[in-house]
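One rule links them: number in the numbering used here = place in the sequence shown (from 1) + 38. No residue lacks a Cβ here, since even glycine has one placed at the ideal position from N, Cα and C. Down below is the structure, laid out as structure tokens.
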Amino acid sequence: MSSPIFDSKVTRRKFLGFAGAALAFPTIIPGRALGLENSPAPSQRINLGLVGCGNMGTANSKAFLGLKDCQVVAACDVDKQHLKKMVNLVNKHYQNKDCKAYHDFRELMARTDIDAVMLAVPDHWHELVAVEAARHKKDIYGEKPLGRTIAEQQAMVKAVQENKRIWQTGSWQRSEANFHKAAEIVRNGLIGDVTRIEVGLPGGNNNSGNAAESMTPSDPPSDLDYDAWIGPSQMMPYIQGRVHRNWRWNYNTGGGQLMDWVGHHCDIAHWGCDFDNSGPSEIEGHGEFPPKDAVWNTCTKYRIELRYPRNITMIMAGGYEDIRSGVKWIGTKGWVWVNRGAFEASNEDWRDYKNLPEEMRKVKLYVSTDHRQNFLDCIKSRKATITPVETAHHSAIPGHLGLISMLVGRKLKWDVQTECIQGDPEASQLLTRPFRSPWKLG
Numbered sequence: 039m040s041s042p043i044f045d046s047k048v049t050r051r052k053f054l055g056f057a058g059a060a061l062a063f064p065t066i067i068p069g070r071a072l073g074l075e076n077s078p079a080p081s082q083r084i085n086l087g088l089v090g091c092g093n094m095g096t097a098n099s100k101a102f103l104g105l106k107d108c109q110v111v112a113a114c115d116v117d118k119q120h121l122k123k124m125v126n127l128v129n130k131h132y133q134n135k136d137c138k139a140y141h142d143f144r145e146l147m148a149r150t151d152i153d154a155v156m157l158a159v160p161d162h163w164h165e166l167v168a169v170e171a172a173r174h175k176k177d178i179y180g181e182k183p184l185g186r187t188i189a190e191q192q193a194m195v196k197a198v199q200e201n202k203r204i205w206q207t208g209s210w211q212r213s214e215a216n217f218h219k220a221a222e223i224v225r226n227g228l229i230g231d232v233t234r235i236e237v238g239l240p241g242g243n244n245n246s247g248n249a250a251e252s253m254t255p256s257d258p259p260s261d262l263d264y265d266a267w268i269g270p271s272q273m274m275p276y277i278q279g280r281v282h283r284n285w286r287w288n289y290n291t292g293g294g295q296l297m298d299w300v301g302h303h304c305d306i307a308h309w310g311c312d313f314d315n316s317g318p319s320e321i322e323g324h325g326e327f328p329p330k331d332a333v334w335n336t337c338t339k340y341r342i343e344l345r346y347p348r349n350i351t352m353i354m355a356g357g358y359e360d361i362r363s364g365v366k367w368i369g370t371k372g373w374v375w376v377n378r379g380a381f382e383a384s385n386e387d388w389r390d391y392k393n394l395p396e397e398m399r400k401v402k403l404y405v406s407t408d409h410r411q412n413f414l415d416c417i418k419s420r421k422a423t424i425t426p427v428e429t430a431h432h433s434a435i436p437g438h439l440g441l442i443s444m445l446v447g448r449k450l451k452w453d454v455q456t457e458c459i460q461g462d463p464e465a466s467q468l469l470t471r472p473f474r475s476p477w478k479l480g
């Protein structure tokens, strides 16, 4: 397989120069026809494939369509309606009919003219699709949490590293100025030694407000390949209220609000304390759950206490009023709190952080102003993104371990180096899940 893009001096695939390729794959139309006069030459743009065309996939795809360094050439989904809408969206943007539709993601990955993929599939599909992409030498934009289990995340990290792929996680808050400012203040020691971190996430959902007909078994719609949608997870009767964007409220396919948000606020908490390659040693979680046979069975309230290096305690909670939404670092000299569109600190001077003396701002964190553009830039430079696969792995581990602690009902001890739960065989079994045949881990 030919090499991916490296820089503007190296041609990408050269497939445009072959008549066979011109027949087999979509034509890349000139940038001027799209109003892209300042775009790279067609042969230098990054060919992007989309896997997952639902809510998140559509949002990501619209963002990528607005960037001049890439061109979307393929889309894949097991729901024909979602796929049709996506293909129409792409073709309308480029004013052509070149976006090819796929039902099986493996066929899209096998295309040698595709450089990178955007993955926006439910959690239970993350590992299988990502590993397939890495093995086919695709660079990957994938959503958080990294994987359905810690074992699946480990397989993803291994595949990305072994195949030398560029990975960007959808933890886009790192590309927002207020989160960057807060984390850099903490890293520079302005609040002193951090003693406590409070991470406030949304409380969980239950199905009490949904119409009864959407929460009872029925035949799946003809446009949805439900067997393929369930994939490696345990087969369950089709229920409208737990597919598509509601997959996250059932542990067979998702992880509830805890795992939906751990890759956002816990990720930022780690960034501020330089824990991107570290993690907690002790974890104790408590939660409230619906009945096990409920359509939505993920925890509705949760509170997890974690012990980190340097004797730092993190409280991560959802559904409890004493932990404010967002991230708050508390230190020996002050505190900083940040959320989407909001910033507060014990010292008002920190609000204008860039105006502080340089000696107070010696630590400079990675800067990205556009999360998806950062991905494309790193594909060309072959440098790490702002949220590489290793970072995503460590950001999600506290959520996974917190959930396991809740399920077994006791405190866990975690070996950060070996990534093993110590002295608890029952809890250790929950680090992975069985795969429905014919799918296999890794």
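Can glutamate 322 and arginine 234 be called in contact, C-beta distance under 9 Å?
Note that the C-beta distance between glutamate 322 and arginine 234 is not below 9 Å.
Cβ of valine 125 within 9 Å of any chain B Cβ:
Among the chains in the structure shown there is no chain B, since it carries only a single protein chain.
Nearest residue (CA-CA) to proline 347, options Thr187, Arg341 and Ser319:
Ser319
Unbroken alpha helix (DSSP H) run spanning cysteine 311, endpoints
305-311 is the extent of the alpha helix (DSSP H) around cysteine 311.
Would lysine 182 be called buried (16 or more neighbouring beta carbons within 10 Å of its own) or exposed?
Looking at its Cβ environment, which holds 16 or more other Cβ atoms inside 10 Å, lysine 182 is buried.
Spell out a yes or no on whether the segment 204-223 and the segment 379-387 are touching, meaning 3 or more CB-CB pairs, one atom from each, closer than 8 Å.
yes
Residue interval of the alpha helix (DSSP H) (run including tryptophan 299):
294-299
Selection from Ala266, Phe327, Gly301 and Ile368 that minimises the alpha carbon distance to glycine 230:
Out of Ala266, Phe327, Gly301 and Ile368, Ile368 has the C-alpha closest to the C-alpha of glycine 230.
With C-beta atoms as the reference, is glycine 185 less than 9 Å away from methionine 194?
yes
Best match in Asn98, Gly269, Tyr264 and Gln191 for proximity to isoleucine 277 [C-alpha to C-alpha]
Tyr264
Anyone know if the C-beta pair for tryptophan 285 and glycine 356 falls short of 9 Å?
Not closer than 9 Å, so no.
Suppose you measure from the CA of proline 426 to the CA of arginine 83; what does that come to, to the nearest Å?
22 Å
Three or more C-beta pairs below 8 Å linking the segment 160-176 and the segment 118-130
no
Between which residues of its own chain and phenylalanine 327 is the CB-CB distance below 6 Å, once the five residues before and five after are set aside?
Cys337
Throw me the rounded Cβ distance for the glutamate 236 and arginine 362 pair, which I believe falls under 8 Å.
7 Å
Buried or exposed: where does asparagine 349 fall if 16 or more other Cβ atoms within 10 Å of its Cβ makes it buried?
exposed
My assumption, with CB atoms under 8 Å, is that tryptophan 210 sits in contact with tryptophan 287. Please give the rounded CB distance.
Not confirmed; about 23 Å, so no contact.
DSSP on leucine 468, reduced to helix/strand/coil?
helix
Counting pairs of beta carbons, one from the segment 256-276 and one from the segment 465-476, are three or more of them closer than 8 Å?
yes
Are the CB atoms of glycine 241 and glutamine 295 nearer to each other than 9 Å?
yes
Taking the straight line between their C-alpha atoms, what separation do you get for leucine 440 and asparagine 93?
It should be pointed out that residue 440 corresponds to glycine in this sequence rather than to leucine. If you take the alpha carbons of glycine 440 and asparagine 93, they lie about 27 Å apart.
Are the Cβ atoms of aspartate 177 and aspartate 153 separated by less than 9 Å?
Taking C-beta atoms as the reference points, aspartate 177 and aspartate 153 count as a pair closer than 9 Å.
From the DSSP output, in three-state form, read off arginine 280 for me.
helix
Of the residues Glu200, Gly227, Val198 and Ala158, the one placed nearest lysine 402, counting alpha carbons only:
If we check each option's Cα against that of lysine 402, Gly227 comes out closest.
Does the segment 299-317 come close enough to the segment 251-260 to have 3 or more Cβ pairs within less than 8 Å?
These segments do not touch.
When His432, Gly461 and Ser443 are compared against glutamate 190, the one with the closest alpha-carbon
His432
Less than 6 Å between C-beta atoms, sequence neighbours within five positions excluded: which residues of the same chain meet that for cysteine 114?
Val89, Tyr140, Phe143 and Leu146
Proximity to asparagine 216 [Cα-Cα], best of Val128, Ala332, Ala197 and Val405
Val405
Simplified DSSP assignment, three categories, for leucine 103
Of the three classes helix, strand and coil, the one that applies to leucine 103 here is helix, per DSSP.
By the 10 Å Cβ neighbour count, where 16 or more other Cβ atoms means buried, how is alanine 97 classified, buried or exposed?
Under a 10 Å Cβ-count criterion, alanine 97 is classified as exposed, with fewer than 16 other Cβ atoms of the shown protein chains found around its own Cβ.
Under the assumption that valine 128 contacts leucine 103 (Cβ atoms under 8 Å), give the Cβ distance between them as a whole number of angstroms.
7 Å
For glycine 269 and valine 232, I'd like the C-alpha separation in whole angstroms.
43 Å
Taking only the alpha-carbon atoms, compute the straight-line gap between serine 466 and glycine 95 and give it to the nearest angstrom.
33 Å
Looking at the unbroken alpha helix (DSSP H) that takes in glycine 346, where does it start and where does it end?
According to the sequence as given, residue 346 is tyrosine; it is not glycine. Per DSSP, tyrosine 346 lies in no alpha helix (DSSP H) segment; the continuous beta strand (DSSP E) that holds it begins and ends at 339-346.
Let me check understanding here. Comparing Cα to Cα, which of Arg225, Gly292, Ile306 and Cys91 lies closest to leucine 262?
Cys91
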